[in-house]
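With my numbering applied, the sequence shown covers 1 to 181. Built from N, CA and C at the ideal position, the CB exists for glycine as well.
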Amino acid sequence: MSTVNYTRHLVEHRYGRPLEDLQRHSAHGGSGDPVLPIVLRRLDGLSTTNAHARAARRNLDAAWQRCRSGQHALDDLVLRYAAEVVDLERREQSEAEAVWDLLDVRLLLDQPAARRPSTARRTGPAPGDEDLIAVARQVAARLPRLNREALRQGLRARGIHVSNRRLGTVLQRLRAERDLH
Numbered sequence: 001m002s003t004v005n006y007t008r009h010l011v012e013h014r015y016g017r018p019l020e021d022l023q024r025h026s027a028h029g030g031s032g033d034p035v036l037p038i039v040l041r042r043l044d045g046l047s048t049t050n051a052h053a054r055a056a057r058r059n060l061d062a063a064w065q066r067c068r069s070g071q072h073a074l075d076d077l078v079l080r081y082a083a084e085v086v087d088l089e090r091r092e093q094s095e096a097e098a099v100w101d102l103l104d105v106r107l108l109l110d111q112p113a114a115r116r117p118s119t120a121r122r123t124g125p126a127p128g129d130e131d132l133i134a135v136a137r138q139v140a141a142r143l144p145r146l147n148r149e150a151l152r153q154g155l156r157a158r159g160i161h162v163s164n165r166r167l168g169t170v171l172q173r174l175r176a177e178r179d180l181h
């Protein structure tokens, strides 16, 4: 599948409608999507570049056939067409990547704003952590040295998996209790 066809299918997939519908809808100014007109312009530019690249490939093929048949020596004509094909293929790839980037921007615009993480850190254990602390006390009583990894392994041996942050909170509380006694 050519780059232009792939990009067209990708645009249709992302917008959920055929390209002709998107063009018609955008021409009437009915699109609330700020990215759609830019995508359509870029897609038109990509199609134009693709047409120029196909023509340059045909010219290169014809020049190469003349060269092989002995009518024409390998000269600047073949090299010029080859350079033109390479340049147009690079431009085509660059234009396709620009459309793909715009489609990614559209996806980002469609997503709801992410919630900002709370800057206030929890200092105490979360509700329901009392059971975890009770089990952690039992595990800690059997440990020769209380550290994060030993406590984690002891809890895992009992089928309890906790996050690193939660484990740190429990560990701090156990150390504070140990220091009081």
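Helix or strand or just coil, what does DSSP make of residue i?
| i | result |
| --- | --- |
| R158 | coil |
| G16 | coil |
| L201 | The structure shown does not extend to residue 201, since the chain spans only 1 to 181, so no value can be given for it. |
| S26 | helix |
| L146 | coil |
| R8 | helix |
| S94 | helix |
Can you tell me where the alpha helix (DSSP H) holding residue i begins and where it ends?
| i | result |
| --- | --- |
| P37 | L36 to R68 |
| D33 | Per DSSP, D33 belongs to no alpha helix (DSSP H) and is neither H nor E. |
| R166 | N164 to L180 |
Give every residue of the same chain whose Cβ lies closer than 6 Å to the Cβ of residue i, excluding the five residues on either side of it in the sequence, and list them in chain order.
| i | result |
| --- | --- |
| R178 | none |
| A157 | none |
| A150 | L143 |
Excluding the 5 residues preceding and the 5 following residue i in the sequence, name in chain order all residues of the same chain whose CB lies nearer than 8 Å to its CB.
| i | result |
| --- | --- |
| W100 | T7 and L10 |
| T3 | L46, N50, E92, Q93 and A96 |
| R142 | G154 |
| H161 | L155 |
In chain order, what residues of the same chain have a beta carbon less than 7 Å from the beta carbon of residue i, not counting five sequence neighbours either side?
| i | result |
| --- | --- |
| N59 | Y81 |
| Q23 | L40 |
| G77 | A small correction: the amino acid at residue 77 is Leu; Gly does not occupy that position in the sequence shown. A63, listed in sequence order. |
Point to revise | contact_flag[the segment 85-104, the segment 33-51] where n(CB pairs < 8 Å) is 3 or more | key: Counting Cβ pairs under 8 Å, three or more are found: they touch.
Check your understanding: Looking at C-beta atoms only, is the number of pairs between the segment 80-89 and the segment 35-45 that lie closer than 8 Å three or more?
Key -> no
Review point. Hey, is the segment 162-175 in contact with the segment 126-144, meaning 3+ C-beta pairs nearer than 8 Å?
Key: yes
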